[in-house]
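Protein sequence lines, in the order shown, are assigned to chains P and X.
The first sequence maps to residues 21 to 207 in my numbering.
The second sequence maps to residues 24 to 390 in my numbering.
See structure below.
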Amino acid sequence: MFVFRKISDQHIVKQIKSGDEKILLHLYKEYHSLIKSFILKNGGDENGIDDIVQDTIISLWKNIQKPTFLLHAKLSTYALAIAKNKWFKEVKKRSKFRRIDATHSKTLEAKNNPIDIDQDIIIKLIQEMDDTCRRLLAYFYFDGFNNKIIAEKLNFANANTVKSKKYQCFKKLQTTVLKQFKKDDFI
Amino acid sequence: MKIDQKTYELINLYLSGELSGRSLDAFKVRLKKEDDFKKKVQLQKALIDGIHEVRTQELKKFITDNVSNKNKIDSPLFKTGLSIAASIVLILAVFFSIKPLINKKSTHVSSTINRDSSVLLNEKSNLNQKIVIGDSIETQVKSLDTQLIVKIPAPEIIITEDILSDDAISDDNEIETEIEVIDENSIPNEKVTSVEYNSEDYDLPENDSEISISKKSAENNILTYSDEIRDDSLIQKDLLLANSTVSIRLYSNIESKDITQSIALETYKASKNYEVTRSKSTKSAAVQYSTMQVEYWKSVVGFSGYKYDGNTIQLYGIIPNENIELSSLDNRLYLKKGGQYYEIKKSNKTNKFSVITNPILLKVLNE
Chain P
21 MFVFRKISDQ
31 HIVKQIKSGD
41 EKILLHLYKE
51 YHSLIKSFIL
61 KNGGDENGID
71 DIVQDTIISL
81 WKNIQKPTFL
91 LHAKLSTYAL
101 AIAKNKWFKE
111 VKKRSKFRRI
121 DATHSKTLEA
131 KNNPIDIDQD
141 IIIKLIQEMD
151 DTCRRLLAYF
161 YFDGFNNKII
171 AEKLNFANAN
181 TVKSKKYQCF
191 KKLQTTVLKQ
201 FKKDDFI
Chain X
24 MKIDQKTYEL
34 INLYLSGELS
44 GRSLDAFKVR
54 LKKEDDFKKK
64 VQLQKALIDG
74 IHEVRTQELK
84 KFITDNVSNK
94 NKIDSPLFKT
104 GLSIAASIVL
114 ILAVFFSIKP
124 LINKKSTHVS
134 STINRDSSVL
144 LNEKSNLNQK
154 IVIGDSIETQ
164 VKSLDTQLIV
174 KIPAPEIIIT
184 EDILSDDAIS
194 DDNEIETEIE
204 VIDENSIPNE
214 KVTSVEYNSE
224 DYDLPENDSE
234 ISISKKSAEN
244 NILTYSDEIR
254 DDSLIQKDLL
264 LANSTVSIRL
274 YSNIESKDIT
284 QSIALETYKA
294 SKNYEVTRSK
304 STKSAAVQYS
314 TMQVEYWKSV
324 VGFSGYKYDG
334 NTIQLYGIIP
344 NENIELSSLD
354 NRLYLKKGGQ
364 YYEIKKSNKT
374 NKFSVITNPI
384 LLKVLNE
């Protein structure tokens with residue numbers, strides 16, 4: 021049977037704050053046509069629309085997790101505003117890539133990263149971390165969950181356990197990363 | 024490069040923008056002066072950026088995987104196809120489940136049958152009875168007012184059909200029949216069977232006013248069918264019992280105003296002009312006699328009534344030896360049977376007997 025269900029904005033915010041990732045699927049379906057329509061009307065094509073929509077939803081997820089977040093408009097309006105920023109940034113990025121060559125691009129990246137660390141290696145090392153540490157760090161740094169929610173999601177005893185465990189995991193990651201690079205890069 | 028928990032938490036506060044005031048100033052000074060501290064901050068920032076990137080990829084993968092799987096199921100085209108398939112299955116299920124009930128249940132269904140020259144019967148003796156069964160049969164529900172029954176065994180169907188005149192058939196090219204489904208085992212598996220008629224049911228006079236029993240009528244009731252009708256069908260129709268010529272009393276010279284005058288005079292008998300008008304009416308009401316062809320029919324559905332086309336009266340529900348009288352008054356035909364008068368209206372359809380209750384009219388008819 022087909023179920024047509026409209027979820028209120030308040031309920032969506034509540035779901036996001038509780039860390040229910042399934043709400044991302046609802047947001048994607050709900051706002052995909054809206055964002056797609058905007059992109060197509062503003063010089064875009066079918067390519068990359070899904071990426072913009074996904075980035076928008078994830079930014080929405082991250083922003084709502086912030087303690088200072090207050091919803092003053094419809095969530096769809098807010099989502100469209102994020103999508104607009106992302107699309108204009110994408111347009112700007114595409115026009116830049118037309119003008120600069122690959123060498124120049126690498127120089128630009130090096131300037132943004134003062135210490136010579138390959139971000140791909142860091143990503144690879146993070147992905148290879150044990151699941152609990154990786155999720156803990158992601159929940160804290162990316163999702164912005166407080167220690168209480170992280171404790172619930174990872175079945176920790178309490179928030180203090182999260183705090184100490186977080187430091188241990190980060191230190192472990194830092195040690196792993198340092199082993200991959202020359203000591204001179206950091207001293 | 025080792026980092027203690029305090030420094031780690033401090034850098035976290037700085038990178039998240041939560042450091043402020045003197046703490047922030049002190050942090051910035053330290054960042055400028057201490058290279059080691061600066062690199063620690065840079066490394067921690069690079070690791071946090073990496074964590075962001077990995078988590079973003081995870082969430083994107085989660086969305087992509089689930090949305091693409093959902094789309095396979097929730098796509099409008101898939102939903103539409105699924106709905107259509109479900110509807111077809113449901114309709115078929117309902118049809119096959121009620122089909123046996125339809126076959127067993129007694130229903131009256133009238134059929135519109137296109138005229139076809141394949142079947143015509145009883146052309147000579149039963150002028151008004153022709154059964155035409157065409158190549159296609161279109162059925163529709165209609166009330167029972169029929170003169171012909173078609174029995175079709177296994178599954179047997181009785182089609183009861185109005186008597187249609189030749190004109191009606193030729194004009195419309197259609198006749199209407201009514202189909203009654205009867206018990207499957209009640210009718211023998213015969214190709215064609217004659218009408219269920221027993222002339223002994225009626226006590227017919229031997230030589231009574233040109234009455235002749237149409238014994239051939241039973242044979243004429245045998246029908247043939249087009250290819251559309253089952254070979255083992257039995258068709259039964261109304262039965263002509265007898266026909267006769269009956270005399271009619273004609274009051275052709277009496278006009279309506281005379282009757283009206285008579286009625287008025289009967290009402291006001293004390294009037295002085297009574298005798299004058301009475302003699303005038305009597306003078307103008309010279310009775311003449313004519314004849315009318317009367318057919319006595321047995322209806323398969325027990326119909327009691329008549330059909331009068333202007334030339335012949337078909338009487339249903341009246342046995343041939345019953346005394347009847349016909350009178351014509353003011354171009355209207357009246358039938359007297361059992362001491363009561365009935366008006367006979369000219370119509371292409373069968374009508375029920377309508378008793379005359381007007382006392383004045385009855386008085387005139389009885390004169």
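Positions of the beta carbon are idealized from the N, C-alpha and C atoms, including for glycine.
Since the model is a prediction, treat every value here as computed from it, not as a measurement.
Here's the rule: buried if 16 or more other CB atoms are within 10 angstroms of the residue's CB, otherwise exposed. What is Lys122 (chain X)? Within the second sequence, numbered from 1, the residue matching residue 122 (chain X) stands at position 99. It is exposed - the Cβ of Lys122 (chain X) has fewer than 16 other Cβ atoms within 10 Å.
Does Ile107 (chain X) have its Cβ less than 8 Å from a Cβ in chain P? Within the second sequence, residue 107 (chain X) is the residue found at index 84, counting from 1. With 8 Å as the cut-off, Ile107 (chain X) does not count as an interface residue toward chain P.
Pairwise C-alpha distance: Ile336 (chain X) and Ile125 (chain X): Residue numbering aside, residue 125 (chain X) sits at position 102 when the second sequence is read from its first letter. Residue numbering aside, residue 336 (chain X) sits at position 313 when the second sequence is read from its first letter. One C-alpha to the other measures close to 39 Å.
Classify Glu318 (chain X) as buried or exposed, calling it buried when 16 or more other Cβ atoms lie within 10 Å of its own Cβ. For this step, residue 318 (chain X) is matched to residue 295 along the second sequence. Glu318 (chain X) is buried by the Cβ-count criterion.
Would you report the Cα separation of Lys49 (chain P) and Val90 (chain X), rounded to the nearest angstrom? Counted from its first residue, the first sequence places residue 49 (chain P) at position 29. Counted from its first residue, the second sequence places residue 90 (chain X) at position 67. Rounded to the nearest angstrom, the two C-alpha atoms are 8 Å apart.
So Phe108 (chain P) contacts chain X; which residues on that side make the cut at Cβ distance below 9 Å? Position 88 of the first sequence, counting from 1, holds the residue named residue 108 (chain P). Within chain X, no residue comes near Phe108 (chain P); the closest Cβ sits about 20 Å away, beyond 9 Å.
Assuming contact is defined by CB atoms lying nearer than 8 Å, are Lys375 (chain X) and Gly328 (chain X) in contact in what I supplied? Mapped onto the second sequence, residue 375 (chain X) falls at position 352. Mapped onto the second sequence, residue 328 (chain X) falls at position 305. Contact flag set, yes.
Going straight from the alpha carbon of Ile78 (chain P) to that of Val112 (chain X), what length do you get? The residue given as residue 78 (chain P) occupies position 58 in the first sequence. The residue given as residue 112 (chain X) occupies position 89 in the second sequence. The alpha-carbon atoms of Ile78 (chain P) and Val112 (chain X) are separated by roughly 43 Å.
Based on Cα-Cα distance, which residue from X:Ser313, X:Thr314, X:Lys321 and X:Val269 lies nearest to Leu262 (chain X)? For the purposes of this step, residue 262 (chain X) is identified with residue 239 of the second sequence, where counting begins at 1. Taking only the C-alpha atoms, the option nearest Leu262 (chain X) is X:Lys321.
Check whether the stretch 73 to 80 of chain X touches the stretch 65 to 72 of chain P, taking contact to mean three or more Cβ pairs, one atom from each stretch, closer than 8 Å. no
Quick check: is the beta carbon of Lys45 (chain P) nearer than 8 Å to any beta carbon in chain X? Position 25 of the first sequence, counted from the start, is the residue given in the question as residue 45 (chain P). Here residue 45 (chain P) is Leu; the residue named in the question, Lys, does not match the sequence. So, interface residue.
Beta-carbon gap between Ile367 (chain X) and Leu352 (chain X) smaller than 8 Å: Sequence index remark: in the second sequence, residue 367 (chain X) carries index 344 (1-based). Sequence index remark: in the second sequence, residue 352 (chain X) carries index 329 (1-based). Their beta carbons are not under 8 Å apart, which means Ile367 (chain X) does not touch Leu352 (chain X) by this criterion.
Interface flag, Lys83 (chain X) vs chain P, CB-CB below 8 Å: Within the second sequence, residue 83 (chain X) is the residue found at index 60, counting from 1. Yes, its Cβ sits closer than 8 Å to a Cβ of chain P.
Cα separation between Lys168 (chain P) and Asp65 (chain P)? Taking the first sequence and counting its residues from 1, one reaches residue 168 (chain P) at position 148. Taking the first sequence and counting its residues from 1, one reaches residue 65 (chain P) at position 45. If I take the Cα positions, the gap works out to 43 Å.
Would you verify that the beta carbon of Ala158 (chain P) is, or is not, closer than 8 Å to some beta carbon of chain X? As a position in the first sequence, residue 158 (chain P) is number 138, starting the count at 1. With 8 Å as the cut-off, Ala158 (chain P) counts as an interface residue toward chain X.
Throw me the rounded Cβ distance for the Asp163 (chain P) and Gln85 (chain P) pair, which I believe falls under 8 Å. Here the question's residue 163 (chain P) lines up with position 143 in the first sequence. Here the question's residue 85 (chain P) lines up with position 65 in the first sequence. With 8 Å as the limit, Asp163 (chain P) and Gln85 (chain P) qualify as a contact, their Cβ atoms being about 5 Å apart.
Report yes if the C-beta distance between Ile71 (chain X) and Leu38 (chain X) is below 8 Å; otherwise report no. Working through the second sequence from its first residue, we reach residue 71 (chain X) at position 48. Working through the second sequence from its first residue, we reach residue 38 (chain X) at position 15. Their beta carbons are under 8 Å apart, which means Ile71 (chain X) touches Leu38 (chain X) by this criterion.
From X:Ile26, X:Ile342 and X:Ser43, pick the residue whose C-alpha is nearest to that of Gly399 (chain X); which is it? Here chain X covers residues 24 to 390 and nothing more, so residue 399 (chain X) does not appear.
Under 8 Å between C-beta atoms, does Lys49 (chain P) make it to chain X? One-based indexing of the first sequence puts residue 49 (chain P) at position 29. Taking Cβ atoms only, chain X reaches closer than 8 Å to Lys49 (chain P), which makes this a yes.
Is it buried or exposed, Arg215 (chain P), if we count other Cβ atoms within 10 angstroms and call 16 or more buried? Residue 215 (chain P) lies beyond the stretch modelled for chain P, which goes from 21 to 207, so this question has no answer here.
Candidates X:Leu338, X:Phe119, X:Lys62 and X:Leu66: which alpha carbon is nearest Leu264 (chain X)'s? Translated into positions along the second sequence, residue 264 (chain X) becomes position 241. Closest by alpha carbon: X:Leu338.
From Lys63 (chain X) to Ile26 (chain X), what does the alpha carbon distance come to, in whole angstroms? Counted from its first residue, the second sequence places residue 63 (chain X) at position 40. Counted from its first residue, the second sequence places residue 26 (chain X) at position 3. For Lys63 (chain X) and Ile26 (chain X), the distance between alpha carbons rounds to 8 Å.
Compare the C-beta of Ile69 (chain P) with all C-beta atoms of chain X and state if any pair is closer than 8 Å. Working through the first sequence from its first residue, we reach residue 69 (chain P) at position 49. No, because no Cβ of chain X sits closer than 8 Å to the Cβ of Ile69 (chain P).
Proximity to Lys82 (chain P) [Cα-Cα], best of P:Leu44, P:Glu172 and P:Ile143: Here residue 82 (chain P) refers to the residue found at position 62 of the first sequence. For the residues P:Leu44, P:Glu172 and P:Ile143, the minimum Cα distance to Lys82 (chain P) belongs to P:Leu44.
Applying the 10 Å Cβ sphere with the 16-neighbour rule, what's the burial state of Ser350 (chain X)? The residue you call residue 350 (chain X) lines up with position 327 of the second sequence. Buried.
Would you say the beta carbon of Lys113 (chain P) comes nearer than 7 Å to a heavy atom of the ligand MG? What this structure holds is no ligand at all, so the ligand MG is not there to describe.
Confirm, please, whether the CB-CB distance from Ile59 (chain P) to Leu16 (chain P) is below 8 Å. Coverage of chain P is limited to positions 21 through 207, which leaves residue 16 (chain P) absent and any answer about it impossible.
Touching or not, the stretch 143 to 162 of chain P and the stretch 172 to 188 of chain P, by the rule of three or more beta carbon pairs under 8 Å? yes
Under a three-way DSSP split, which group does Lys62 (chain X) fall into? Numbered from its first residue, the second sequence carries residue 62 (chain X) at position 39. Helix at Lys62 (chain X).
For a test of the three-state rule: what should DSSP assign to Ser53 (chain P), helix, strand or coil? In the first sequence, the residue the question calls residue 53 (chain P) occupies position 33. Here Ser53 (chain P) sits in helix by DSSP.
Would you please state the rounded distance, in angstroms, between the beta carbons of Ile383 (chain X) and Tyr365 (chain X)? I believe it to be under 8 Å. Here residue 383 (chain X) refers to the residue found at position 360 when the second sequence is read from its first residue. Here residue 365 (chain X) refers to the residue found at position 342 when the second sequence is read from its first residue. The pair is not a contact, with the Cβ atoms about 17 Å apart (cut-off 8 Å).
Chain P contact for Thr30 (chain X) (CB, 8 Å cutoff): Indexing the second sequence from 1 puts residue 30 (chain X) at position 7. It does not; no Cβ of chain P falls within 8 Å.
Got a sec, what are the start and stop residues for the alpha helix (DSSP H) Gly44 (chain X) sits in? To locate residue 44 (chain X), count along the second sequence from 1; it is residue 21. It spans Gly44 to Lys56 - the alpha helix (DSSP H) in which Gly44 (chain X) sits, taken as one unbroken run.
Between X:Ser120, X:Leu115 and X:Met315, which lies nearest to Asn266 (chain X) when the distance is taken from Cα to Cα? Taking the first residue of the second sequence as 1, we reach residue 266 (chain X) at position 243. Out of X:Ser120, X:Leu115 and X:Met315, X:Met315 has the C-alpha closest to the C-alpha of Asn266 (chain X).
When the cut-off is 8 Å and only beta carbons count, does Glu76 (chain X) lie next to chain P? As a first step, residue 76 (chain X) must be located in the second sequence, where it is residue number 53. Yes, its Cβ sits closer than 8 Å to a Cβ of chain P.
Helix, strand or coil for Leu38 (chain X), going by three-state DSSP, please let me know. Here residue 38 (chain X) refers to the residue found at position 15 when the second sequence is read from its first residue. Note: Leu38 (chain X) maps to helix in three-state DSSP.
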